[in-house]
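Read the structure below first, then the notes.
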């Protein structure tokens with residue numbers, strides 16, 4: 027039942043459906059304000075935090091090109107790819123981690139074996155990656171060429187250092203050694219036995235890459251994979267076309283695996299072939315005018331790795347952007363209560379204020395009760 031109130035003229039009238047405490051109005055307002063303050067301060071103790079998103083994990087597996095042979099670790103294409111992605115997503119609060127699992131001399135078969143052996147660490151690298159780049163196939167080709175190549179160069183394949191033996195022959199015989207090497211390579215390229223061995227090695231790579239992708243997809247269902255075509259180390263030299271013929275079948279195998287969804291191809295072979303810069307892309311040196319400075323090292327230089335990183339980013343950036351966007355959406359979450367060890371710095375400030383608010387609310391409530399009792403006593 028509504029309580030009565032006194033009009034200015036002195037008559038007592040009943041309130042029409044409302045509670046009226048003119049004398050206690052200020053106290054009521056103080057009570058409401060204090061209550062609001064308490065609620066605000068309590069919420070301040072446990073605000074909605076912006077928590078760090080899980081880092082985007084980039085990793086590489088495979089051979090010495092993956093490892094970055096001849097370069098500093100930070101100059102290898104996998105590390106550079108992680109750097110590019112880190113810069114790309116810095117504004118979204120997403121970090122990018124990187125792990126390099128490349129092994130010098132590794133073939134596709136050896137990579138499969140390492141993944142199946144938990145002691146190698148390759149499996150952990152593969153399973154933990156959001157983006158996994160794989161450089162493989164170069165050593166499959168070299169194993170096929172090994173004996174034939176040194177035979178064409180006129181040195182024993184059983185030598186501990188056949189490359190040094192050929193350079194010694196080159197210094198001694200000069201142009202005659204080069205002519206002999208070219209003739210032997212042409213004969214090898216048209217030899218039926220050699221081409222059959224090359225086709226067999228390419229077929230072996232094909233089967234191993236299929237097994238590799240099936241293995242990775244089964245154990246890392248959310249990861250995406252990048253296959254790296256084998257760059258021609260002899261680009262711009264008299265050996266470029268011959269090397270392209272050797273690499274053609276192997277790079278064809280790698281290109282055929284792209285599906286545009288989870289498997290992508292970074293066509294580094296095409297990038298090297300179309301390069302118009304001045305820096306050397308590989309450590310190979312086949313300069314006719316400096317035969318004694320020749321080097322058959324097929325590994326990319328730091329400039330080559332920079333170009334490879336660009337191709338990897340181009341191949342995967344759309345899918346990587348989608349991954350980053352999904353991570354950014356999960357960044358907000360309720361904060362946890364203060365640690366058991368004691369209140370946080372913000373809590374040490376807010377708690378006394380909250381206590382003061384509660385005290386003011388209690389005082390206001392006391393004033394309202396007292397006013398109501400006085401009015402009833404009139």
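In the working numbering, the protein residues as written are 27 to 404. We put the CB at the ideal spot given by N, CA and C, even for glycine.
Straight-line Cα distance separating residue j from residue i
{"i": "residue 304", "j": "residue 172", "result": "31 Å"}
{"i": "residue 284", "j": "residue 194", "result": "44 Å"}
{"i": "residue 225", "j": "residue 84", "result": "33 Å"}
{"i": "residue 220", "j": "residue 97", "result": "33 Å"}
{"i": "residue 286", "j": "residue 196", "result": "47 Å"}
{"i": "residue 187", "j": "residue 259", "result": "20 Å"}
{"i": "residue 321", "j": "residue 262", "result": "14 Å"}
{"i": "residue 266", "j": "residue 306", "result": "14 Å"}
{"i": "residue 185", "j": "residue 191", "result": "8 Å"}
{"i": "residue 371", "j": "residue 356", "result": "Residue placement at residue 371 cannot be trusted, given a pLDDT of 46 that sits under 50; the coordinates are not used to answer."}
{"i": "residue 276", "j": "residue 167", "result": "8 Å"}
{"i": "residue 324", "j": "residue 301", "result": "17 Å"}
{"i": "residue 205", "j": "residue 177", "result": "14 Å"}
{"i": "residue 216", "j": "residue 268", "result": "12 Å"}
{"i": "residue 274", "j": "residue 243", "result": "27 Å"}
{"i": "residue 234", "j": "residue 138", "result": "7 Å"}
{"i": "residue 342", "j": "residue 281", "result": "15 Å"}
{"i": "residue 147", "j": "residue 122", "result": "20 Å"}
{"i": "residue 308", "j": "residue 345", "result": "30 Å"}
{"i": "residue 145", "j": "residue 252", "result": "24 Å"}
{"i": "residue 310", "j": "residue 126", "result": "24 Å"}
{"i": "residue 237", "j": "residue 207", "result": "37 Å"}
Per-residue burial, residue i [other beta carbons within 10 Å of its own, 16 or more giving buried]
{"i": "residue 209", "result": "exposed"}
{"i": "residue 202", "result": "exposed"}
{"i": "residue 247", "result": "exposed"}
{"i": "residue 312", "result": "buried"}
{"i": "residue 326", "result": "buried"}
{"i": "residue 271", "result": "exposed"}
{"i": "residue 99", "result": "exposed"}
{"i": "residue 104", "result": "buried"}
{"i": "residue 292", "result": "buried"}
{"i": "residue 181", "result": "buried"}
{"i": "residue 351", "result": "exposed"}
{"i": "residue 218", "result": "exposed"}
{"i": "residue 116", "result": "exposed"}
Nonlocal neighbours in the same chain, by C-beta distance under 7 Å from residue i, ignoring five residues either side
{"i": "residue 339", "result": "107 and 110"}
{"i": "residue 101", "result": "94, 328 and 331"}
{"i": "residue 375", "result": "Model confidence at residue 375 stands at a pLDDT of 46, short of 50, so the residue's coordinates are unreliable and nothing is read from them."}
{"i": "residue 223", "result": "170"}
{"i": "residue 349", "result": "82 and 156"}
{"i": "residue 299", "result": "258 and 261"}
Beta-carbon proximity list for residue i, same chain, < 6 Å, skipping 5 on both sides
{"i": "residue 92", "result": "86, 128 and 161"}
{"i": "residue 294", "result": "254, 255, 257, 334 and 337"}
{"i": "residue 155", "result": "83, 85 and 249"}
{"i": "residue 213", "result": "none"}
{"i": "residue 347", "result": "none"}
{"i": "residue 199", "result": "none"}
{"i": "residue 353", "result": "79 and 120"}
{"i": "residue 124", "result": "84, 105 and 108"}
{"i": "residue 297", "result": "333 and 337"}
{"i": "residue 69", "result": "With a pLDDT of only 44 at residue 69, under 50, the local geometry of the prediction cannot be trusted, and the value read off the model is given with reservation. Hits under 6 Å: none found."}
{"i": "residue 136", "result": "none"}
Whole-number beta carbon distance between residue j and residue i, since they are thought to touch under 8 Å
{"i": "residue 119", "j": "residue 80", "result": "Actually they are not in contact, since the Cβ atoms of residue 119 and residue 80 sit about 11 Å apart, beyond 8 Å."}
{"i": "residue 165", "j": "residue 89", "result": "5 Å"}
{"i": "residue 289", "j": "residue 239", "result": "6 Å"}
{"i": "residue 141", "j": "residue 241", "result": "6 Å"}
Beta-carbon contacts of residue i that lie in its chain and below 8 Å, excluding the five residues immediately before and after
{"i": "residue 365", "result": "Confidence in residue 365 is poor, its pLDDT being 45 and thus under 50, which makes the residue's placement unreliable; the coordinate value appears in the next sentence. No residues qualify anywhere along the chain."}
{"i": "residue 245", "result": "149, 152 and 153"}
Inset, instruction - Would you be able to state if there are at least three C-beta pairs under 8 Å between the region 131-143 and the region 110-122? - result: The region 110-122 makes no contact with the region 131-143, as fewer than three CB pairs between them are under 8 Å.
Inset, instruction - Determine contact between the region 147-155 and the region 216-235, defined as no fewer than three beta-carbon pairs at a distance below 8 Å. - result: Contact between the region 147-155 and the region 216-235 is not established, with fewer than three Cβ pairs separated by less than 8 Å.
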